[in-house]
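Numbering (this note's numbering), first residue to last: 398 to 659.
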């Protein structure tokens, strides 16, 4: 067997857990990693539609509510058992809540920070033994351009995403000694069901068309006037977890349509 065949065989046995993996960016990442030859589990809320998506695409399904500490911790062992190990963790799950700081519900703040910052910490912590044994452990935190810049009415979201960059860099330094790389990707607005709903909501409240919301709101700060697609983010994640990116760790990779170039 040639060295190339051995490498391909090894790639086929790698395993990955993608959170928020049954829709949008998460599903695109799961399917891309699956196409790359990895065995993939997707974590999402225990809903019939989420289970159906996983089954339809041949993905192992790990039900968990990431706002719940015990479920978050247990999910790692469940994923490792289903896959026979864990080489790659993609922290993607999250949600949006748009409201001014003065009126922001405190329980919503707590839930958002748990899902988007505490849960990635817990997942990394409890996946660490598997990732370090792997010899090719990879963590990718799907952040956002709002990990780089702020926007009004996104206090919890921006705070969590900024914190995720700090977690990424710290874990990268600690992981270097055990062969685990940790990186973050920061996309601008991506055309997902969540963003489509946001545009429809803003069109109603502003009294303009969805197309005008896309052009005048979502893409106002972008140099490239076009929304990203979920597959664009998945392609970057695929590279980051691949063998060619072995020397990349602690990186914060902007896929931001030129948003921060100004």
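Every residue, glycine too, gets a C-beta built ideally from N, C-alpha and C. Here the structure is a predicted model, which means the values were calculated and not measured.
Which of helix, strand or coil does DSSP assign to residue 648?
Here residue 648 is taken as the residue at index 251 of the chain shown, counted from 1. In the structure shown, residue 648 falls within a coil segment according to DSSP collapsed to helix, strand and coil.
May I have a chain-ordered list of the alpha helix (DSSP H) segments no shorter than 4 residues that lie completely inside the stretch 604-640?
Within the stretch 604-640, the runs of alpha helix (DSSP H) that reach at least 4 residues and sit entirely inside it are, in chain order, 607-610, 627-638.
Within the continuous alpha helix (DSSP H) that includes residue 517, where are the two ends?
For the purposes of this step, residue 517 is taken as residue 120 along the chain shown, with counting starting at 1. Its alpha helix (DSSP H) spans residues 516-531.
Taking its Cβ as the centre, do 16 or more other Cβ atoms sit within 10 Å of residue 484, making it buried, or is it exposed?
To locate residue 484, count along the chain shown from 1; it is residue 87. Buried.
List the endpoints of the continuous beta strand (DSSP E) containing residue 438.
Position 41 of the chain shown, counting from 1, holds the residue named residue 438. Judged by DSSP secondary structure, residue 438 falls within the beta strand (DSSP E) whose first and last residues are 436-441.
Below 8 Å on the Cβ atoms is my contact criterion, and I expect residue 628 with residue 425 to pass it. Report the Cβ-Cβ distance as a whole number of Å.
Your numbering for residue 628 matches position 231 in the chain shown. Your numbering for residue 425 matches position 28 in the chain shown. The Cβ separation is near 5 Å, so the contact holds.
For the alpha helix (DSSP H) containing residue 448, list its first residue and its last residue.
Within the chain shown, numbered from 1, the residue matching residue 448 stands at position 51. Looking at the DSSP string, the run of the alpha helix (DSSP H) that includes residue 448 is 445-453.
Spell out the partners DSSP gives residue 460 in its beta bridges.
Translated into positions along the chain shown, residue 460 becomes position 63. Within the DSSP secondary-structure output, residue 460 pairs in a beta bridge with 441.
Where residue 579 sits in the DSSP three-state scheme
Along the chain shown, read from residue 1 onward, the residue named residue 579 stands at position 182. In the structure shown, residue 579 falls within a strand segment according to DSSP collapsed to helix, strand and coil.
Take residue 560 and list the residues in its own chain whose beta-carbon comes closer than 6 Å to its own, dropping the five residues that flank it on each side.
Locating residue 560 in the chain shown gives position 163, where the first residue counts as 1. Here the set comprises 514.
To the nearest angstrom, how far is it from the Cα of residue 532 to the Cα of residue 658?
For this step, residue 532 is matched to residue 135 along the chain shown. For this step, residue 658 is matched to residue 261 along the chain shown. Each residue's Cα considered, the two are about 36 Å apart.
Use the C-beta contact count for residue 522: other C-beta atoms within 10 angstroms, 16 or more gives buried, fewer gives exposed.
In the chain shown, residue 522 corresponds to position 125, counting from 1. Exposed is the call here.
Keeping to the same chain, check which residues put their C-beta closer than 6 Å to that of residue 436; ignore five residues upstream and five downstream.
Counted from its first residue, the chain shown places residue 436 at position 39. The answer, listed in chain order, is 412, 480.
As assigned by DSSP and simplified to three states, the class of residue 483:
Here residue 483 refers to the residue found at position 86 of the chain shown. Taken through DSSP and simplified to helix, strand or coil, residue 483 comes out as coil.
Can you tell which of 621, 568, 601 has the C-alpha that lies nearest to the C-alpha of residue 525?
On the chain shown, position 128 is the one that residue 525 refers to. Ranking 621, 568, 601 by CA distance to the CA of residue 525 puts 568 first.
To the nearest angstrom, how far is it from the Cα of residue 443 to the Cα of residue 458?
In the chain shown, residue 443 corresponds to position 46, counting from 1. In the chain shown, residue 458 corresponds to position 61, counting from 1. The alpha-carbon separation between residue 443 and residue 458 amounts to approximately 9 Å.
Whose C-alpha, out of 456, 534, 594, 611, is nearest the C-alpha of residue 419?
Here residue 419 refers to the residue found at position 22 when the chain shown is read from its first residue. It is 456 whose Cα lies nearest to the Cα of residue 419.
Just checking my contact of residue 600 with residue 607 at CB under 8 Å: how many whole Å lie between their CB atoms?
For the purposes of this step, residue 600 is identified with residue 203 of the chain shown, where counting begins at 1. For the purposes of this step, residue 607 is identified with residue 210 of the chain shown, where counting begins at 1. Separation of the CB atoms of residue 600 and residue 607 is rounded to 5 Å, and the pair is thereby assigned contact status at 8 Å.
contact_flag[the stretch 561-580, the stretch 645-652] where n(CB pairs < 8 Å) is 3 or more
The stretch 561-580 vs the stretch 645-652: in contact.
If you measure between the beta carbons of residue 441 and residue 471, is that distance less than 9 Å?
If you number the chain shown from 1, residue 441 lands on position 44. If you number the chain shown from 1, residue 471 lands on position 74. Not in contact: residue 441 and residue 471 (Cβ atoms no closer than 9 Å).
According to the Cβ coordinates, are residue 587 and residue 617 closer than 9 Å?
Residue 587 sits at position 190 when you count from the first residue of the chain shown. Residue 617 sits at position 220 when you count from the first residue of the chain shown. The Cβ atoms of residue 587 and residue 617 do not sit closer than 9 Å to each other.
Report all residues from its chain with a CB closer than 8 Å to the CB of residue 634; omit the five preceding and five following residues, and keep chain order.
Indexing the chain shown from 1 puts residue 634 at position 237. By the criterion of a C-beta distance shorter than 8 Å, residue 634 is surrounded in its chain by 426, 429, 430, 487, 537, 539, 582, once the five residues flanking it on both sides are discounted.
I need the straight-line Cα distance from residue 403 to residue 603, nearest angstrom please.
Taking the chain shown and counting its residues from 1, one reaches residue 403 at position 6. Taking the chain shown and counting its residues from 1, one reaches residue 603 at position 206. Residue placement at residue 403 cannot be trusted, given a pLDDT of 41 that sits under 50; the coordinates are not used to answer.
N-terminal and C-terminal residue of the alpha helix (DSSP H) that residue 568 is part of
Stepping through the chain shown from its first residue, residue 568 is reached at position 171. Counting along the chain, the alpha helix (DSSP H) containing residue 568 begins and ends at 552-572.
Roughly how many whole angstroms lie between the Cα atoms of residue 528 and residue 451?
As a position in the chain shown, residue 528 is number 131, starting the count at 1. As a position in the chain shown, residue 451 is number 54, starting the count at 1. So the two alpha carbons sit approximately 23 Å from each other.
Could you tell me how far apart the beta carbons of residue 489 and residue 416 are, in whole angstroms, since I believe they sit closer than 8 Å?
As a position in the chain shown, residue 489 is number 92, starting the count at 1. As a position in the chain shown, residue 416 is number 19, starting the count at 1. The distance from the Cβ of residue 489 to that of residue 416 is about 5 Å, consistent with a contact at the 8 Å cut-off.
Nonlocal neighbours in the same chain, by C-beta distance under 7 Å from residue 552, ignoring five residues either side
On the chain shown, position 155 is the one that residue 552 refers to. Only 498, 501 meet the Cβ criterion.
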